[in-house]
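Student:
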Amino acid sequence: MTAAGAPARFDQISLALRIAAASALFGLVAVALASALSHWALSRQLDARVLAELEGKRTLLQHVLSEVTSTQDLPANSHRFADLLIGHDDLHLAIMDPSTGRVLASSSPIGLESSSTVTETAAGVNRWRSKTKKKFASLAGALPLHDGQSVRYVLSLDLEADRRLLAGVRRAALVGLPLVLALVMLGAWLVARTGLRPLRRFTRLAASVNFTSLGQRLDTAGLPPELRELATDFNAMLERIDQAVTRLSEFSGDLAHEMRTPVATLLGQTQVALSKERSVEALRRVLEGNVDELDRLTRLIADMLLLARAEQGASALQKTPIKLGEEALRVADFLSMVAEDRELKVVVTGDATVTADRLLVQRAITNLLSNAIRHAIAASAIEIDINEELGTSTLTVRNRGQVIPPDQLDRIFERFVRLDSARTRSEGGTGLGLAIVKTIMAAHEGRVQAKSGADGVTTFTLTFPKVQTST
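Just so we're aligned, residue 44 is where the sequence shown starts under the numbering used here, counting upward by one.
(1) So, are the CB atoms of L198 and L182 less than 8 Å apart?
(2) Could you have a look at A165 and say whether DSSP puts it in helix, strand or coil?
(3) Evaluate contact between the stretch 306-324 and the stretch 272-284, counting only Cβ atoms and requiring at least three cross-stretch pairs below 8 Å.
(4) Can you tell which of G499, F456, T501 has the C-alpha that lies nearest to the C-alpha of I483?
(5) Using only the alpha-carbon positions, how far apart do R406 and V480 sit?
(6) Are V146 and R123 touching if we call contact CB-CB under 8 Å?
(7) Could you tell me how far apart the beta carbons of L438 and L360 are, in whole angstroms, since I believe they sit closer than 8 Å?
(8) Along the beta strand (DSSP E) that carries I129, what are the first and last residues, could you check?
(9) Distance, Cα to Cα, H418 vs G489?
(10) Assuming contact is defined by CB atoms lying nearer than 8 Å, are I425 and V397 in contact in what I supplied?
(11) Measuring alpha carbon to alpha carbon, tell me which of F179, P221, V329 ends up nearest L202.
(12) To the nearest angstrom, report how far apart T112 and G144 are at their CA atoms.
(13) Nearest CA to the CA of N414: which residue from E386, A382, V404, G434?
(14) Can you give me the start and stop residues for the alpha helix (DSSP H) that S413 sits inside?
(15) Which full runs of the alpha helix (DSSP H) of 4+ residues lie inside the stretch 202-263, going along the chain?
(16) What do you get for T515, buried or exposed, if any count of 16 or more other CB atoms within 10 angstroms of its CB means buried?
(17) Any idea what DSSP makes of A493, helix, strand or coil?
(18) Quick check on I365: does DSSP put it in helix, strand or coil?
(19) Just to confirm my understanding: we take Q192, look at its own chain, exclude 5 residues before and 5 after, and list those with CB closer than 7 Å. What are they?
(20) Taking one C-beta from the stretch 368-379 and one from the stretch 330-348 each time, how about it: are there three or more such pairs within less than 8 Å?
(21) Provide the residue span of the alpha helix (DSSP H) that contains S66, from first to last.
(22) Using a threshold of 8 Å, state whether the C-beta atoms of T435 and T506 are closer than that.
(23) Please confirm whether H82 and L208 have their CB atoms less than 8 Å apart.
(24) Within 10 Å of its beta-carbon, does T164 have 16 or more other beta-carbons around it, so buried, or fewer, so exposed?
(25) Which class does A371 belong to by DSSP, given the choice of helix, strand or coil?
(26) Could you spell out where the alpha helix (DSSP H) holding A422 opens and where it closes?
(27) Excluding the five sequence neighbours on either side, which residues of its own chain have a C-beta within less than 8 Å of the C-beta of D285, listed in chain order?
(28) With a cut-off of 8 Å on the beta carbons, I'd call N442 and T504 a contact; round off their distance for me.
(29) Which of the three DSSP states is assigned to G154 in this structure?
(30) Exposed or buried, what is A235 when buried is set at 16 or more other beta-carbons lying within 10 Å of its beta-carbon?
(31) First and last residue of the alpha helix (DSSP H) that includes K481?
(32) Under the rule that 16 or more other beta-carbon atoms within 10 Å means buried, what is K319, buried or exposed?
(33) Once you ignore the five residues that flank V194 on each side, which residues in its own chain have a CB closer than 6 Å to its CB?
(34) Is the CB-CB distance between L433 and F459 below 8 Å?
(35) Mapping the DSSP letters down to three states, classify H122 as helix, strand or coil.
(36) Excluding sequence positions up to five away, which residues of its chain have a Cβ less than 7 Å from the Cβ of R172?
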């Protein structure tokens with residue numbers, strides 16, 4: 044048997060059985076301690092009873108001896124000593140001459156044996172064994188007679204009854220302990236099995252969940268508080284998975300639709316070009332058209348990879364403290380030629396420091412500024428304002444152009460959504476720019492908002508959380 048095999052077998056034991064075994068073990072310890080404590084308490088009570096009985100008989104013996112004139116009269120008063128022990132077959136008495144040790148009176152052979160065995164004269168209970176191995180408790184000392192002369196006495200009590208009582212208690216504990224433990228284990232198993240019954244809901248639901256049934260949820264009604272929290276978290280997990288699968292399905296459908304057009308164009312142009320003899324100039328035009336479509340496909344794939352990275356969340360980010368003003372100026376300089384072609388002026392004001400992934404933030408600003416350049420009125424100004432407020436930092440891109448209907452403001456952040464599809468496609472857009480911005484901000488635990496006024500001023504605002512400094 045290997046060391047690695049034991050945990051594997053233990054893992055196969057049901058939780059209810061583990062609880063039952065743990066309860067039985069705890070019950071074993073508790074019952075054993077209770078039995079030991081009961082045995083000790085009973086033994087102490089029996090010791091107290093023995094002492095009280097011996098002291099009571101010694102008091103009576105003292106009274107009888109006080110009426111005996113001398114040691115010579117002891118044999119004549121033997122009947123009085125016998126009266127002391129009537130009804131007490133377990134009591135034995137011996138009276139001796141303290142100077143010679145000679146036995147002057149004895150109630151039984153045990154009394155004679157005690158006269159030579161129990162030698163203590165001080166008050167106190169002496170325990171000893173007879174020749175027959177029986178246990179006795181004795182009280183020995185000296186008592187005066189009527190004439191003032193003292194005699195030595197030994198009062199002995201047979202402890203056989205006490206021994207049998209304690210042995211019976213021990214036997215009862217040993218016999219009853221397995222039964223009690225069995226009942227405790229069975230009861231704990233039944234209670235645990237009943238208490239864990241709601242977990243079967245989790246098992247049944249987990250077994251039934253598949254791609255087509257992600258909408259199922261656990262009913263938290265009737266669940267205990269400990270499992271209600273687990274069920275809530277489990278439902279939240281299913282909700283996240285359902286949303287992720289839905290987004291993936293929608294994304295796959297949209298992607299197939301978006302890629303179908305350039306691929307069909309490439310295939311059609313190529314087939315037409317190959318259908319008959321063409322001049323070099325005609326073939327060049329076909330190849331130039333193919334290059335444009337392939338370039339669009341390349342940008343579409345690059346945007347998809349960027350989205351996949353951003354959607355991995357904070358765990359995939361390479362965060363460093365960055366200045367939004369510097370990044371905005373860098374992006375504005377990069378797109379300056381495109382802006383100049385449309386006689387647009389880009390103005391950057393303000394600054395703020397955030398902890399973020401530099402490349403992703405640059406991409407978010409680039410997408411917003413490219414979008415503003417594409418839709419701004421010619422010869423107008425595009426403003427990039429950066430502010431740092433208590434708890435947040437904001438970057439706003441503002442341009443004057445076509446009014447975005449209020450009901451379309453949320454849709455523009457969806458993937459492959461184009462409010463002016465013909466114009467966007469002709470300008471090389473993939474329909475993923477604003478969706479990428481939204482995903483990047485979500486990964487940074489921030490948000491992006493859009494506003495469009497009746498005067499044609501459209502504003503996009505990136506809101507970053509407060510900078511987190513390491514201690």
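Built from N, CA and C at the ideal position, the CB exists for glycine as well.
Tutor: Quick answer:
(1) For this step, residue 198 is matched to residue 155 along the sequence shown. For this step, residue 182 is matched to residue 139 along the sequence shown. A contact, by the Cβ cut-off of 8 Å.
(2) Here the question's residue 165 lines up with position 122 in the sequence shown. With a pLDDT of only 49 at A165, under 50, the local geometry of the prediction cannot be trusted, and the value read off the model is given with reservation. Note: A165 maps to coil in three-state DSSP.
(3) no
(4) As a working note, residue 483 is residue 440 in the sequence shown. If we check each option's Cα against that of I483, F456 comes out closest.
(5) To locate residue 406, count along the sequence shown from 1; it is residue 363. To locate residue 480, count along the sequence shown from 1; it is residue 437. Those two C-alpha atoms are separated by around 8 Å.
(6) For the purposes of this step, residue 146 is taken as the residue at position 103 of the sequence shown. For the purposes of this step, residue 123 is taken as the residue at position 80 of the sequence shown. Against a cut-off of 8 Å, the Cβ pair of R123 and V146 comes out as no contact.
(7) Position 395 of the sequence shown, counted from the first residue, corresponds to residue 438. Position 317 of the sequence shown, counted from the first residue, corresponds to residue 360. 17 Å between Cβ atoms; not a contact.
(8) Translated into positions along the sequence shown, residue 129 becomes position 86. Per DSSP, I129 belongs to no beta strand (DSSP E) and is neither H nor E.
(9) Stepping through the sequence shown from its first residue, residue 418 is reached at position 375. Stepping through the sequence shown from its first residue, residue 489 is reached at position 446. If I take the Cα positions, the gap works out to 25 Å.
(10) Residue 425 sits at position 382 when you count from the first residue of the sequence shown. Residue 397 sits at position 354 when you count from the first residue of the sequence shown. No, the Cβ-Cβ distance between I425 and V397 is not below 8 Å.
(11) Mapped onto the sequence shown, residue 202 falls at position 159. Nearest C-alpha to L202: F179.
(12) Counting from one through the sequence shown, the residue named residue 112 turns up at place 69. Counting from one through the sequence shown, the residue named residue 144 turns up at place 101. The straight-line gap from Cα to Cα measures roughly 20 Å.
(13) Along the sequence shown, one-based indexing puts residue 414 at 371. It is A382 whose Cα lies nearest to the Cα of N414.
(14) The sequence position of residue 413 within the sequence shown is 370, counting from 1. Start and end: 401-418.
(15) 203-238, 242-251
(16) Look at the range of the chain in this structure, 44 to 514, and you will see that residue 515 is not part of it.
(17) Locating residue 493 in the sequence shown gives position 450, where the first residue counts as 1. It is a strand residue.
(18) Translated into positions along the sequence shown, residue 365 becomes position 322. It is a strand residue.
(19) Taking the sequence shown and counting its residues from 1, one reaches residue 192 at position 149. So the qualifying residues of the chain are S113, T114.
(20) no
(21) To locate residue 66, count along the sequence shown from 1; it is residue 23. Counting along the chain, the alpha helix (DSSP H) containing S66 begins and ends at 58-109.
(22) Taking the first residue of the sequence shown as position 1, residue 435 is located at position 392. Taking the first residue of the sequence shown as position 1, residue 506 is located at position 463. Taking 8 Å as the Cβ cut-off, T435 and T506 qualify as a contacting pair.
(23) The residue you call residue 82 lines up with position 39 of the sequence shown. The residue you call residue 208 lines up with position 165 of the sequence shown. Going by C-beta atoms, H82 is not nearer than 8 Å to L208.
(24) Position 121 of the sequence shown, counted from the first residue, corresponds to residue 164. The pLDDT assigned to T164 is 49, lower than 50, so where the model puts this residue is not dependable, and the model offers no usable value.
(25) Within the sequence shown, numbered from 1, the residue matching residue 371 stands at position 328. In the structure shown, the three-state DSSP call for A371 is helix.
(26) By 1-based counting over the sequence shown, the position of residue 422 is 379. Per DSSP, A422 lies in no alpha helix (DSSP H) segment and is marked neither H nor E.
(27) Sequence index remark: in the sequence shown, residue 285 carries index 242 (1-based). Excluding positions up to five away in sequence, the list reads L257, G258.
(28) Translated into positions along the sequence shown, residue 442 becomes position 399. Translated into positions along the sequence shown, residue 504 becomes position 461. So it is not a contact: roughly 13 Å between Cβ atoms.
(29) Working through the sequence shown from its first residue, we reach residue 154 at position 111. Look at G154 here: in three-state DSSP terms it is helix.
(30) Mapped onto the sequence shown, residue 235 falls at position 192. Counting Cβ neighbours within 10 Å, A235 comes out buried, since at least 16 surround it.
(31) Numbered from 1 along the sequence shown, position 438 holds the residue referred to as residue 481. K481 -> alpha helix (DSSP H) spans 476-486.
(32) As a working mapping, residue 319 is identified with position 276 in the sequence shown. Label assigned to K319: exposed.
(33) As a first step, residue 194 must be located in the sequence shown, where it is residue number 151. Contacts found: I138.
(34) In the sequence shown, residue 433 corresponds to position 390, counting from 1. In the sequence shown, residue 459 corresponds to position 416, counting from 1. Contact flag unset, no.
(35) To locate residue 122, count along the sequence shown from 1; it is residue 79. Here H122 sits in helix by DSSP.
(36) Position 129 of the sequence shown, counted from the first residue, corresponds to residue 172. Within the same chain, R172 has close Cβ partners K178.
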